[in-house]
Amino acid sequence: MKKAEGANLDRKLFAGMRIRRLRRELALTQAVMAESLGISTSYLNLIERDQRPVSAQILIKMVDVFDIDPRGLAGDEEARAYTQLREIFADPLFQDTPVADQEIRDISAASPNAVDAIARLFQTYRDASTTSSMLAERLADNTHGETTSALMSFEEVRDFINQRSNHFPELDDYAEELYIKAGLVDDDPFLALRQYLQHAHGVSTRIGPVDLMGDDLRRYDRHRQTLFLSELLNQSSRAFQIAYQLAYFEHSKAVEEIISNSNLENSEAQRLARLALINYAAAAILMPYGIFLQTAEDNGYDITLLSRRFGTSFEQVCHRLTTLQRPGAKGVPFFLIRIDNAGNVSKRFAAGGFHFSRFGGTCPRWNIHDSFRQPGKVMTQIICMEDNTRYFSISRTVSRNRSAFDKQDNQFAIGLGCEISHAGKLVYSHQYNLEETKSDMPIGVNCRLCERLDCHQRATPPLMRSLRVDDNIRGLSPFDF
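Numbering (the numbering used here), first residue to last: 365 to 845.
Printed below as a string of structure tokens:
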């Protein structure tokens, strides 16, 4: 029997609308579905009307009989759709036609595909507005040049990766074969990959001085059959760049097939996707799926240990952990976010169902922002969203120490987390009583979407609420609503 992964069987689950939608997608009558599940038609009718919860036995039976992902019934998809739709309708564009919260929930539950279509339409509107604003600024400044669509292409690729749950099995299968073939099992990754690149492709690797390489970290010279790596790269980054070159040489065809089967039509988006997929393959070479997952499970997902074991960086390990979604061999469904010290989001993946904002930053109450005060220290926190979903969060800064003394290093904060039901597997959670909610930090998606009344760190009022202004009262927050 297939395990109902990702579902909390101890929680009462009311999923009537989702079950009704599933039944219609399968073209089944209530009688046929009820018979398949071993229950009466009247009982199924009560479940579909949310007058009875879905028991653990029925959920497991549905997974077994209809081969479905239980997380779809557990409401993860609906929660993401709700967050996405709520953010869209919070835009000032809709201020004259407010949509009630219950209406948003109903649409999210009944038609998640329609929500995706609305989101795409709204993204197109936002892209057009951004382009229009940029053109207006150029005209106002009397400057010339083409308006770039890089931002729109970047978002398109990000959506594509999230739609695939950041998991590409064809690349993982290739990487596991190469890991053994290149001898990474018994040797330092950099040395093993350097030797394999020379023997398999006749390409030598040289470490170039910064005065020769400039700002280039990797440069492949086709004519000299030489891969130049900057001396500013540390050992793990050098190994990654060789792995990237190998993936480019040996697996470009599979990458092109993935892109051709996607809905990426923009040539710029396709180029960005190609880069992302080859990076994925490079990480998979250094951290092959089966061995990496087993090591992570055996050691409580200790990121530092995994980094040492596989010769990779903290960020590379965190990124790889978000990709462990192989059917039948899944890891903890992590989400990941990367921000700079101004709060700008430069990377986000939501395998763990976390509610990310598409168009803004993050909540200031989340201690990922505190990481910059204690660089290099791993910080943990239990956070609770407005819908009472609880997550366990791990945060730490990462630095790209690739510059000389007189240059400023880039510093980011990585946030890695999962739903609280998975947190017991993490070595970082052992100091917590995961059932206790008193120490939870209530957060929101971001200030403009959050409606918490008791937040003293609010930067902007919520877009879905009207401000109350009283000349005689000043609270801890300048916004009352």
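Idealized CB from N, CA, C, for every residue including glycine. Please read all numbers here as calculations on a predicted model, not as lab measurements.
Beta-carbon spacing of residue i, residue j below 8 Å
i      : j      : result
Ala603 : Leu650 : yes
Ile732 : Gly779 : yes
Ser856 : Arg760 : Nothing about residue 856 can be reported from this structure: the residues present for the chain run from 365 to 845 only.
Glu442 : Arg382 : yes
Cys727 : Cys814 : yes
Gln605 : Leu581 : yes
Arg490 : Ile468 : no
Tyr612 : Ile642 : yes
Ala556 : Gly547 : yes
Phe532 : Leu636 : no
Ser401 : Val429 : Checking the displayed sequence, the identity of residue 401 turns out to be Leu instead of Ser. Contact flag set, yes.
Gln609 : Leu688 : no
Gly695 : Leu685 : yes
Gln599 : Phe554 : yes
Pro476 : Ala445 : yes
Met577 : Arg586 : no
Ala777 : Ile703 : yes
Val574 : Glu595 : yes
Gln855 : Val427 : Here the chain comprises residues numbered 365 to 845, so residue 855 is not present and cannot be evaluated.
Glu750 : Gly707 : no
Ile422 : Ile403 : yes
Residues near residue i in its chain [Cβ-Cβ closer than 6 Å; skip 5 each side]
i      : result
Ala500 : Summary for Ala500: the model assigns pLDDT 49, below 50, so the residue's position carries little reliability; its value from the coordinates is reported in the next sentence. There are no such residues.
Ile525 : none
Asn663 : Leu669
Asn630 : Ser517
Leu817 : none
Identified DSSP bridge partners for residue i
i      : result
Ser757 : Gln745 and Gly781
Lys694 : Gln689
Pro806 : Cys748
Val762 : Phe776
Residue i, enclosing alpha helix (DSSP H) - first and last residue
i      : result
Leu593 : From DSSP, Leu593 is part of no alpha helix (DSSP H) but of the beta strand (DSSP E) over Thr590 to Ser594.
Ile544 : Pro533 to Lys545
Arg387 : Gly380 to Glu389
Thr659 : Tyr653 to Asp662
Arg558 : Pro553 to His565
Arg926 : As shown, the chain starts at 365 and ends at 845. That puts residue 926 outside it, with no answer to give.
Asp334 : With the chain running from 365 to 845 in the structure shown, residue 334 is simply not present.
Ala420 : Ala420 to Phe430
Ser671 : Ile667 to Phe674
Leu401 : Gln394 to Leu401
Range covered by the beta strand (DSSP E) that runs through residue i
i      : result
Phe713 : Val709 to Ala714
Asp704 : Phe699 to Asp704
Ile571 : Ser568 to Gly572
Arg582 : Arg582 to Asp585
Neighbourhood of residue i by C-beta distance below 7 Å, restricted to the same chain and skipping five residues each side
i      : result
Gly380 : Ile411, Glu412, Arg413 and Asp414
Asp374 : Note that Asp374 scores a pLDDT of 49, beneath 50, so its modelled location is shaky; the value from the coordinates is reported in the next line. Closer than 7 Å at Cβ, skipping near neighbours: no residue.
Asn506 : Residue confidence for Asn506 is low, a pLDDT of 47 falling below 50, so the modelled location carries little weight and cannot support an answer.
Arg570 : Thr590 and Phe592
Ala539 : Ala645, Ala648, Ile649 and Pro652
Ala607 : Leu557, Ala646, Ile649 and Leu650
Cys811 : Arg822, Ala823 and Thr824
Gly788 : Leu798
Met397 : Arg387 and Leu408
Lys802 : none
Ile667 : Phe678, Val681 and Cys682
Tyr796 : Ile746
Thr659 : Leu670 and Arg673
Ala483 : Gln448 and Ile452
Ser793 : Phe756 and Ala787
Gly572 : Phe592, Leu593, Ser594 and Glu595
Asn705 : Phe736 and Gln775
Residues near residue i by beta carbon distance below 8 Å, same chain, minus five either side
i      : result
Ala504 : Reliability of the predicted coordinates at Ala504 is poor, the pLDDT of 46 falling under 50, and the value obtained from them is presented with this limitation in mind. There are no such residues.
Glu541 : none
Arg384 : Glu412
Met805 : Arg729, Trp730, Asn731, Gln745, Ile746, Ile747 and Cys748
Gly654 : Glu540 and Ala693
Glu661 : Gly695 and Lys789
His316 : Past the boundaries of the shown model lies residue 316; the chain is included only from 365 to 845, so the question cannot be answered.
task = Let me know the beta strand (DSSP E) ranges lying completely inside the segment 586-647, each 3 residues or longer, listed in chain order.
result = 590-594
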